[in-house]
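Chains as they are written, first to last, in this note's numbering: chain B, 48 to 392; chain D, 48 to 392.
Structure (structure tokens):
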């Protein structure tokens, strides 16, 4: 593994995407996943790092490693795909990660969506510890629309309640457009993503007001107070709270997975990955009436720019990706050293 | 039409639900709808009034009447249902209202959802001037999950833009639960519903901070400044804005309907109803793995209450409904007189 570019400052270096994937793959295999699972998770994690989504990039590796070490998740699980109806696919992830379950069901899901016009994939018994946009973006690259929701672990207080119930429960959406990369967003229904609270704590930064409460339920901007017995708030008051509730119902109740408050990892010290469920809905816009969908979505983007919008959701990621393709992925040199140590076992 | 209960104050009186429906039906027919369309809209509007959703109750009648008078909408349109695929139904509302289009397609949509596990209904060329929850709640009463989105008319500034593009673009969701009425929410992706701004203007009240901007793009709490050349903001900053964009894509681009910025009613003075599209997704939870969905959703509600939540989304409506079933629907006496005048033609 060689450093591709000169060091940019005392602590930063560059690594190519393929090299980073290979390194992460070694890390996963050394810590107990099958090669198949390692390939999927390494690609996912390196993609987030490449796109500048740092809270879901290599920052997550220690959490993956400690979780695998705790025997909380099965890193070699082989997902079981069930063909339930002409628009309904289920997968039992068998206590493995959600991404291999999606990969296993994906061909059947796409086939059903193209045939029925819409199809749903219900993943249960799964661990999702990554960003959600990598799960939906590829569908839009094939001309399909995709929506996904995943619940996580109790850390968000429902609007009007005193104590946490929901997870950060993100919603991701991807749609094709004619003259550019897909329109993609991935938003936590909490006021801030859990990974960003962890990053702020690590950097000693404060989080924005309205983000969370401490262990006494009092508003705080201290990320450590939120992480140590405190909780997050939903974004947008009662509306974000309602959406977070919807995510619990779709990702857990509808899949047969755990709610964010249901799993108990107390016998697995080091476990970090929520053991819940995930739902994907995929729609084939070629079944729609009227003009080609991608032309229409492009028209919406044109109007948003005409109204003064500088940046679409996802634009920052695409710019980071383009830069990384030329320069390599900027990574902290110490972080890279740690990854290399982890890759040795 | 008789007043059922004694007058409660100088301006309030009570009317039974059935009587209100009959009165509104007369109003619609007198102003140019077919009896079929009148029956559907009257039921919808009376239900909102009964449930205390005043911004979408009889308050809307003058808007319906002026719109019908302007020949902007076809009050006698007969929707054309198209069976596209095993999970995809389209309806051309033929420049009529969205609710009759939904009613026409509903049996096919439910049949497909039960057979395929999921089905989508794409309504285009339609006018939606009502609350969205009445469209989804009945599915949950039959044991199904339903999500609906509808775009409206340009009045919301995308986060990061200078000028409005989106409509108030609500998202509604309904799911069954074991020990109570369905879990239902209906939320505008704008910081406030347009109807509530109109109500505030009428009452001379201010709207909350962060709700809207005036015609110069400056923040304002004056509802009249918002209505006269100003605009609304999305709820929850960039997240609500992303969801509003998704609603445009699903309700317009995917249905073949107009975006919120595309229709021009300048030749129809008095027209108030947005001419756009609507999407519904219906899922049959009996296809899911694990325990009965309604038992699971009840468990989530139980946990939310245990965490201190006093009121679920929809609880206020259900309480208002129960009260109205006993006492009748409280209505302003002058408003009732105006309706009776409108019912005469």
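In this text, a Cβ means the ideal position worked out from N, Cα and C, and glycines have one as well. Everything numeric in this text was worked out from a predicted model, so none of it was measured.
Cβ-Cβ distance between residue 260(B) and residue 280(B) below 8 Å: yes
Residues within the stretch 350-371 of chain D neighbouring chain B, beta-carbon criterion of under 7 Å: 350, 351, 354, 355, 356, 357, 358 and 360
Near-chain B residues of the stretch 288-301 of chain D (beta-carbon distance less than 9 Å), N- to C-terminal order: 288, 289, 290, 292, 293, 295, 296, 297, 299, 300 and 301
Can you tell me where the alpha helix (DSSP H) holding residue 374(D) begins and where it ends? 362-374
Should residue 48(D) be flagged as near chain B, meaning a C-beta pair shorter than 8 Å? In this prediction, residue 48(D) scores a pLDDT of 32, lower than 50, which makes its location untrustworthy; the coordinate-derived value is nonetheless stated afterwards. Closer than 8 Å: no.
Starting from residue 60(D) and walking both ways along the alpha helix (DSSP H), at which residues does that stretch end? Per DSSP, residue 60(D) belongs to no alpha helix (DSSP H); it is in the beta strand (DSSP E), 59-62.
C-alpha distance - residue 265(B) paired with residue 207(B), whole-angstrom precision: 14 Å
Within 8 Å (strictly less), CB to CB, does residue 93(D) reach chain B? no
Quick check: residue 186(B) and residue 221(B), are their CB atoms within less than 8 Å of each other? yes
I need the DSSP call for residue 197(D), collapsed to helix, strand or coil. strand
Contact defined as beta carbons within less than 8 Å: I believe residue 182(D) pairs with residue 149(D). What is the distance between those atoms, to the nearest angstrom? 6 Å
Residue interval of the alpha helix (DSSP H) (run including residue 474(B)): Here chain B covers residues 48 to 392 and nothing more, so residue 474(B) does not appear.
Determine the extent of the alpha helix (DSSP H) in which residue 86(B) is found, giving its start and end residues. 82-97
For a contact meaning CB atoms closer than 8 Å, what does residue 209(D) contact in chain B? 354 and 355
To the nearest angstrom, report how far apart residue 174(B) and residue 323(B) are at their CA atoms. 6 Å
When burial is assigned at 16 or more other CB atoms within 10 Å of the CB, is residue 107(D) buried or exposed? buried
Quick one: Cα of residue 383(D) to Cα of residue 67(D), how far? 9 Å
At least 3 beta-carbon pairs within less than 8 Å: the stretch 83-92 of chain B vs the stretch 109-128 of chain B: yes
Who pairs with residue 267(B) in a beta bridge, going by DSSP? 259(B)
Euclidean distance between Cα positions of residue 160(B) and residue 330(B): 6 Å
Would you call the stretch 362-378 of chain D and the stretch 194-207 of chain D touching, i.e. three or more CB-CB distances under 8 Å? no
Out of 332(B), 111(B), 63(B) and 98(B), state which residue places its alpha-carbon closest to the alpha-carbon of residue 299(D). 332(B)
Under the three-state DSSP convention, the category residue 322(D) falls into: strand
Could you give the distance in angstroms between the alpha-carbon of residue 301(B) and the alpha-carbon of residue 336(B)? 30 Å
Cutoff 7 Å; reference residue 224(D); Cβ partners in own chain excluding five residues on either side: 230, 341, 344, 345 and 348
Since residue 321(D) and residue 199(D) are thought to touch, with beta carbons under 8 Å apart, how far apart are those beta carbons, to the nearest angstrom? 4 Å
Please tell me whether residue 62(B) has its Cβ less than 8 Å away from any Cβ of chain D. no
Do the CB positions of residue 378(D) and residue 74(D) come within less than 8 Å of each other? no
Bridge partners of residue 281(D), per DSSP? 237(D)
Rounded separation between residue 354(D) and residue 204(B) - CA only: 8 Å
Answer yes if the stretch 309-317 of chain D comes into contact with the stretch 232-245 of chain D, meaning at least three C-beta pairs across the two stretches below 8 Å, and no otherwise. no
If we call anything under 8 Å between Cβ atoms a contact, is residue 131(D) one with residue 168(D)? no
Does chain B have any CB closer than 8 Å to the CB of residue 330(D)? yes
Who are residue 184(B)'s beta bridge partners in DSSP? Note: residue 184(B) sits in no beta bridge, so no partner.
Rounded to the nearest angstrom, what separates residue 245(B) and residue 306(D) at their Cα positions? 40 Å
Three-state secondary structure assigned by DSSP to residue 308(B): coil
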